[in-house]
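Residue numbers (our numbering), protein chains in the order written: chain B, 2 to 114; chain G, 4 to 118.
Where is the CB? At the ideal position from N, CA and C, for every residue including glycine.
One structure is given below, encoded as structure tokens.
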Amino acid sequence: DSGVTQTPKHLITATGQRVTLRCSPRSGDLSVYWYQQSLDQGLQFLIQYYNGEERAKGNILERFSAQQFPDLHSELNLSSLELGDSALYFCASSVAAQGVGYTFGSGTRLTVV
Amino acid sequence: AQSVTQLDSHVSVSEGTPVLLRCNYSSSYSPSLFWYVQHPNKGLQLLLKYTSAATLVKGINGFEAEFKKSETSFHLTKPSAHMSDAAEYFCVVSVLKAAGNKLTFGGGTRVLVKP
Chain B
2 DSGVTQTPKH LITATGQRVT LRCSPRSGDL SVYWYQQSLD QGLQFLIQYY NGEERAKGNI
62 LERFSAQQFP DLHSELNLSS LELGDSALYF CASSVAAQGV GYTFGSGTRL TVV
Chain G
4 AQSVTQLDSH VSVSEGTPVL LRCNYSSSYS PSLFWYVQHP NKGLQLLLKY TSAATLVKGI
64 NGFEAEFKKS ETSFHLTKPS AHMSDAAEYF CVVSVLKAAG NKLTFGGGTR VLVKP
């Protein structure tokens, strides 16, 4: 157990729907990162939050949004889902905004049918 | 901008023989470099990291990597492969900026270990 908790582990939904992925960072970590792993794009950085504020943004679609709550857990919202959004979504956490040491969760596998 | 190229998408070795996974990076700034391993249906586990200290970095499970700035390389090695090393390995570069941080992943190298 890495200490980073992601729920749910698996999610199957239909095109056009909206889902929310949840991440609880390791105790003491203030930064949360979201990554997408797909067969065609590999592992890509989506977005980073630090202590509730957005810090860095990667290749995140406009249909996707995220937030970090006062208790430091984070949610990634994916809307108007398309087949191509099927992927493994990882959350990672670190102590600082410029954390060199990341801890990854075990991921949420999203399947859009 | 930063990028990572893993030179082999698949590597096949026999148990007990050395493993070499090759990685080249490109970065406009002084990078931090990492190797992560992903076992089937599992998350990403950090093997080792380079953060501008010693150029030869030792990690977990007998792995080590050498940072060579002149060659912009960060190859991962292990003297003797074990069946449990069968997994996908990712070379990663990180550049710290004032605003935040992101990791850029290589395409991954899938390692097969033959008995």
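Am I right that Y92 (chain G) and A68 (chain G) are in contact with their C-beta atoms under 8 angstroms? What's the rounded C-beta distance? Contact flag wrong, Cβ pair sits at about 11 angstroms.
Q. What span of residues does the beta strand (DSSP E) with H13 (chain G) cover, start to end?
A. 13-17
query = What in chain B is Cβ-close to L79 (chain G), meaning under 9 angstroms?
reply = Near L79 (chain G) there are no residues of chain B at all, since even the closest Cβ is about 17 angstroms away, more than 9 angstroms.
Bridge partners - N44 (chain G), DSSP secondary structure assignment
Answer is none; N44 (chain G) lacks a bridge partner.
Beta strand (DSSP E) containing Y90 (chain B): first to last residue?
-> 88-95
Compare the Cα-Cα distances from L36 (chain G) to each of G:G46, G:K117, G:T8, G:V114 and report the closest residue. G:T8
Review point. Thinking C-beta only, is L47 (chain G) closer than 7 angstroms to V60 (chain G)?
Key: no
| field | Beta carbon proximity, F108 (chain G) to chain B, threshold 7 angstroms | value | Yes, because at least one Cβ of chain B sits closer than 7 angstroms to the Cβ of F108 (chain G).
> In angstroms, rounded to a whole number, what distance separates the CA positions of E55 (chain G) and R110 (chain B)?
Replying inline: Strictly speaking, residue 55 (chain G) in this sequence is Ser, with Glu absent from that position. Roughly 35 angstroms between the two C-alpha positions.
Q) So, helix, strand or coil for S87 (chain G), using DSSP? A) helix
Between which two residues does the beta strand (DSSP E) harbouring F65 (chain B) extend?
Residues 65-69.
What does L23 (chain G) reach in chain B if we use C-beta pairs closer than 7 angstroms? The premise fails here: L23 (chain G) is roughly 21 angstroms from chain B at the closest Cβ pair, so nothing lies under 7 angstroms.
- Task: Sort out for me which residues DSSP pairs K71 (chain G) with in a bridge.
- Result: For K71 (chain G), DSSP records a beta bridge to G:S76.
Just to confirm, is the Cβ distance from S94 (chain B) to D30 (chain B) under 7 angstroms? yes
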